[in-house]
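Counting along the sequence shown from 1, when you hit position 185 you're at 191 in the numbering used here, and nothing is skipped either side. The beta-carbon is built from N, C-alpha and C at its ideal position, and this holds for glycine as well. Computed from a predicted structure; not experimentally measured. Inspection log for the structure reproduced underneath, given as structure tokens.
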Amino acid sequence: MSLLVLLFVVPAFSVCASEESMKSAYEELEMDDDEDGAQEGMEYAFEVMIMNVHDSQPLSPGVFVVHTADLSLNFEGEIAPPALESLAEYGSNADFADYVEGLDGAIKVYTVDAPILPGMNASMPMDFQTSKMPLYLSGVMMDVGTNDGYALLDAVELVDEDGMELSSTTDAENYDAGTEENQLLGSGFEGGQPDPSRGEENIENGVPTEEMVMVHPELSETVMEVVVTVA
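Here's what the structure looks like:
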């Protein structure tokens, strides 16, 4: 596996910026070549703009993946995989990135390593090579002012079955991971929501649950909008 890293990395919840747009710190995790030549074939390039369109809800660092139809990050009606808990409860993306990288159908995994504040956006260039099609883009970022809520970009088509690259604009839906009891949105650390100074304490600061993943019952407004442009 090779790892390409931008020259700067901003730790989770440490961003401070006044511009209306910013380049995100991110990593590209290239998948190992497999026997059927997954890294051969067509070359593709896209520019992905991740926009926080909410007036008060930050987005945490997150994980995005280019994938085939064999992979899905939509866990609605299922128990969330353990790796999702740390992302959904306090915005740590490392475990979930490792989990997604190991899923069948993953072509290339990208991690956004800086939060995106309300009204801001982050740009993520994507390039990859594969013979597989159609291809999709999925991604997860925590809705920070929730106990275990996250925004899901769910399998937006990037490349159709004929190899044509597609541009798109998609509003992500908010989901509840079912791992922590919901309290008042934005109620802070004592309400089970992240305090960046307290690290992994955030995963134990609410009432744990083991419920099915579902559409978030309290956060219906769009937080994450994703614009994909063919480069």
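> Secondary structure at Ser92, three-state DSSP: helix, strand or coil?
Replying inline: Working through the sequence shown from its first residue, we reach residue 92 at position 86. Of the three classes helix, strand and coil, the one that applies to Ser92 here is helix, per DSSP.
> Below 8 Å, can you find three or more Cβ-Cβ pairs linking the segment 219 to 231 to the segment 177 to 184?
Replying inline: Contact annotation: the segment 219 to 231 touches the segment 177 to 184, with at least three C-beta pairs closer than 8 Å.
> Cβ of Leu164 within 8 Å of Cβ of Val146?
Replying inline: Along the sequence shown, read from residue 1 onward, the residue named residue 164 stands at position 158. Along the sequence shown, read from residue 1 onward, the residue named residue 146 stands at position 140. When the beta-carbon positions are compared, Leu164 and Val146 stay at least 8 Å from each other.
> In three-state terms, what does DSSP make of Val229?
Replying inline: For the purposes of this step, residue 229 is taken as the residue at position 223 of the sequence shown. Note: Val229 maps to coil in three-state DSSP.
> Three-state secondary structure (DSSP) at Asp42?
Replying inline: In the sequence shown, residue 42 corresponds to position 36, counting from 1. For Asp42, the pLDDT reaches just 42, beneath the cut-off of 50, and the residue's location in the model is therefore unreliable, although a value from the coordinates is still provided. If DSSP states are grouped into helix, strand and coil, Asp42 belongs with coil.
> Sorted by chain position, which residues of the same chain lie with C-beta nearer than 6 Å to Glu46's C-beta, five sequence neighbours on each side aside?
Replying inline: As a working note, residue 46 is residue 40 in the sequence shown. These residues qualify, in order along the chain: Ser137.
> From this set, Pro140, Asn188, Glu84, which residue's C-alpha is nearest Gly169's C-alpha?
Replying inline: Your numbering for residue 169 matches position 163 in the sequence shown. When each option's Cα is compared against that of Gly169, the closest is Pro140.
> Do the CB positions of His60 and Pro124 come within less than 8 Å of each other?
Replying inline: Here residue 60 corresponds to residue number 54 of the sequence shown, with the count starting at 1. Here residue 124 corresponds to residue number 118 of the sequence shown, with the count starting at 1. Against a cut-off of 8 Å, the Cβ pair of Pro124 and His60 comes out as a contact.
> Where Ile122 and Pro64 are concerned, what is the direct C-alpha to C-alpha distance, given to the nearest angstrom?
Replying inline: Here residue 122 refers to the residue found at position 116 of the sequence shown. Here residue 64 refers to the residue found at position 58 of the sequence shown. Each residue's Cα considered, the two are about 6 Å apart.
>> Taking DSSP's pairing of strands, which residues face Ser174 in a bridge?
In response: Taking the sequence shown and counting its residues from 1, the one referred to as residue 174 is at position 168. Note: Ser174 sits in a beta bridge opposite Val234.
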